[in-house]
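2 protein chains.
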Amino acid sequence: MKYNLSQSEENYLKSIYNLIDKTKSSLINTNLIADDLKTKASSVSEMIKKLSEKELIEYKKYKGSQLTENGNAIAVQVIRKHRLWETFLVEKLNFEWDEVHEIAEQLEHIKSIKLTNKLSEFLGHPKFDPHGDPIPNEKGIFPKQHFVINLKQVKQGQFAEVVNIGSDNKNLLIFLTKNNIGIGTKIKCVDIYDFDDSIKIELMDKRTLILSKKVIKNINVKLN
Amino acid sequence: MKYNLSQSEENYLKSIYNLIDKTKSSLINTNLIADDLKTKASSVSEMIKKLSEKELIEYKKYKGSQLTENGNAIAVQVIRKHRLWETFLVEKLNFEWDEVHEIAEQLEHIKSIKLTNKLSEFLGHPKFDPHGDPIPNEKGIFPKQHFVINLKQVKQGQFAEVVNIGSDNKNLLIFLTKNNIGIGTKIKCVDIYDFDDSIKIELMDKRTLILSKKVIKNINVKLN
DNA sequence: TATAATTTTTAGGTTAACCTAAAATTATAT
DNA sequence: ATATAATTTTAGGTTAACCTAAAAATTATA
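Those protein sequence lines, which keep their order, are chains G and B. Residue numbering for the first sequence follows numbering that gives the first Met the number 0, beginning at 0 and increasing consecutively. Residue numbering for the second sequence follows numbering that gives the first Met the number 0, beginning at 0 and increasing consecutively.
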């Protein structure tokens, strides 16, 4: 179990992991990966073949890819590093949450298990990163999370608390910050507009705000 | 002045910078670089040609290489990152000084000026890294150093203080640690053995120790 | 100073990761 | 059910960074 993968290979594994997570489907299409990694389907086909020869991906031609146990374990460790570094950047270096993704994309490929573990320790073994994403431990175990739902599931009149932002889009994050929405923010759903799937929310300070469908899609909450 | 260099290209610039420093010569031989980077002379020739087309290296065939102003500036920034990360690893994550070089070799290529500056700030803008090497600032200016000489220059009876170890060799660093020699250690030269260029030193606790020529070569001191 | 030794460069090849275009396969729609 | 559309793979090409071996240039030596 001594893989020495290139950054590219790690990125493919991570992408597949994230796409499984996002799409809740176990077989990931080649085009989806290509899209996610901003590369071409032909490049993906090639890489998938290589990774399946290394037994990190399970794949039958034309049928889509999934991760093997080993592939999954590696992806999880890359994600662990990504989220630990994001936490470091925000907590220790005072970066804004919209600035860290890009830098963490680089840092996640640093190869040193000892570094990762010491970093985690230094940060106090954080369970969630600045976007509310759970941070797996050295063994790949994720922390337990409260029951998380998407904001669009919240009914009129219900109270909820933001626990996670499901996107690294800089402008979305800046928008949320400007409107005082962050991890832990408590909100009330005061109105639902069916015609465009937007909603009106109320913050603790009684300020109200209309959120578009696209914004809502990326806000995950727990009910209060 | 917006270069986007590969890790390899950065390594070549850094290597030339370090070799200029070490050899005190302004023209660096192709073979020296090959040796330093554990690559072949033919690869170096190729890369040198490329970097001189980018005007980062000044070079005439068969005559050796030197850095242009731009090449030097880039090398210094890579070195800045290397030394800041080494400091972080030792000061904040409690790594030993013999463990950090390898990891810093990876971290030095992370591209984010903002990260570098925030890291420096987080560390309190350190002037020297764990091996006593000076850390240049954002503008590439190195801190002033006291007059530094090599340990072999110290005469019998003189007192000196270790300010710098001129090697990243793990075993050398472990050896020094085991013998209570580190940056800031005060020593007295009690004997010089001409026949093998070794010396006997005395530490503050009166313990004496014989150091070989190779060890001495890598210990730089200031006289006290 | 001519010859030998060393150093450096060039020529030509390999590998990883990308690409475009064409072919193969699968999915969709009439 | 078959034609069309979409997806995926294959074929063949490019680039960066390495390599070996041979050629060229420089340096050292007899």
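Where a beta carbon is used, it is the ideal one built from N, C-alpha and C, also for glycine.
Closest Cβ-Cβ distance between residue i and chain G: below 7 Å?
i: Lys-117 (chain B); result: yes
i: Gly-144 (chain B); result: In the sequence as displayed, the identity of residue 144 (chain B) is Gln instead of Gly. Chain G, which has no Cβ nearer than 7 Å to the Cβ of Gln-144 (chain B), makes this no.
i: Phe-174 (chain B); result: no
Is residue i helix, strand or coil when you go by DSSP?
i: Ser-252 (chain G); result: With chain G represented from 0 up to 223, any question about residue 252 (chain G) goes unanswered, as that position is not in the structure.
i: Glu-52 (chain G); result: helix
i: Lys-80 (chain B); result: helix
i: Leu-36 (chain B); result: coil
i: Glu-160 (chain B); result: strand
i: Asn-219 (chain G); result: strand
i: Asn-10 (chain G); result: helix
i: Tyr-2 (chain B); result: coil
i: Val-153 (chain B); result: coil
i: Ser-119 (chain B); result: helix
i: Phe-87 (chain B); result: helix
i: Leu-18 (chain B); result: helix
i: Phe-174 (chain G); result: helix
i: Val-147 (chain B); result: coil
i: Ser-267 (chain B); result: The question about residue 267 (chain B) has no answer here: the residues shown for chain B are numbered 0 through 223.
i: Leu-106 (chain B); result: helix
i: Leu-202 (chain B); result: strand
i: Thr-29 (chain G); result: helix
i: Lys-212 (chain G); result: helix
i: Lys-187 (chain G); result: strand
i: Glu-101 (chain G); result: helix
By alpha-carbon positions, which one of the options ends up nearest to residue i?
i: Asn-71 (chain G); options: G:Leu-208, G:Asp-195, G:Gly-139, G:Leu-172; result: G:Gly-139
i: Lys-62 (chain G); options: G:Leu-55, G:Ala-33, G:Val-43, G:Thr-29; result: G:Thr-29
i: Lys-80 (chain G); options: G:Asn-69, G:Lys-213, G:Val-99; result: G:Val-99
i: His-145 (chain G); options: G:Lys-37, G:Asn-219, G:Ile-56; result: G:Asn-219
i: Asn-179 (chain B); options: B:Glu-160, B:Val-189, B:Ser-14; result: B:Glu-160
i: Lys-177 (chain G); options: G:Asp-97, G:Lys-205, G:Lys-216, G:Asp-193; result: G:Asp-97
i: Lys-213 (chain G); options: G:Tyr-192, G:Asp-190, G:Ile-191, G:Leu-171; result: G:Leu-171
i: Leu-150 (chain G); options: G:Asn-223, G:Leu-50, G:Gln-65; result: G:Asn-223
i: Ser-119 (chain B); options: B:Leu-83, B:His-130, B:Ile-47, B:Leu-92; result: B:Leu-83
i: Gly-183 (chain G); options: G:Ser-166, G:Glu-8, G:Met-203; result: G:Met-203
i: Lys-216 (chain B); options: B:Asp-167, B:Lys-110, B:Thr-207, B:Thr-86; result: B:Asp-167
i: Phe-87 (chain B); options: B:Glu-54, B:Leu-55, B:Pro-129, B:Ile-112; result: B:Pro-129
i: Asp-20 (chain B); options: B:Phe-121, B:Gly-165, B:Lys-169, B:Glu-101; result: B:Gly-165
i: Ser-25 (chain B); options: B:Ser-197, B:Tyr-58, B:Glu-101, B:Lys-117; result: B:Tyr-58
i: Arg-206 (chain G); options: G:Asp-193, G:Asp-196, G:Val-75, G:Cys-188; result: G:Cys-188
i: Tyr-16 (chain B); options: B:Glu-45, B:Phe-174, B:Val-75; result: B:Val-75
i: Glu-68 (chain B); options: B:Ile-27, B:Lys-185, B:Leu-12, B:Gly-123; result: B:Leu-12
i: Lys-110 (chain G); options: G:Ile-78, G:Thr-38, G:Met-46; result: G:Ile-78
i: Leu-55 (chain G); options: G:Glu-9, G:Gln-152, G:Lys-39, G:Asn-93; result: G:Glu-9
i: Glu-90 (chain G); options: B:His-108, B:His-124, B:Lys-117; result: B:Lys-117
i: Asn-3 (chain G); options: G:Lys-113, G:Glu-104, G:Ile-73, G:Phe-194; result: G:Ile-73
Could you name the residues of chain B that residue i contacts, counting a contact when the two beta carbons are closer than 8 Å?
i: Ser-5 (chain G); result: Under the 8 Å cutoff, chain B gives no residues; its nearest Cβ is about 12 Å from Ser-5 (chain G).
i: Asn-93 (chain G); result: Lys-117
Contact list for the stretch 61 to 91 of chain G against chain B, Cβ threshold 9 Å: Taking 9 Å as the Cβ-Cβ cut-off against chain B, the residues of the stretch 61 to 91 of chain G that qualify are Leu-88, Lys-91.
Listed in chain order, which residues of the stretch 95 to 120 of chain G have Cβ atoms closer than 9 Å to some Cβ of chain B? Listed in sequence order: Glu-98, Glu-101, Ile-102, Gln-105, Leu-106, His-108, Ile-109, Lys-110, Ser-111, Lys-113, Leu-114, Lys-117, Leu-118, Glu-120.
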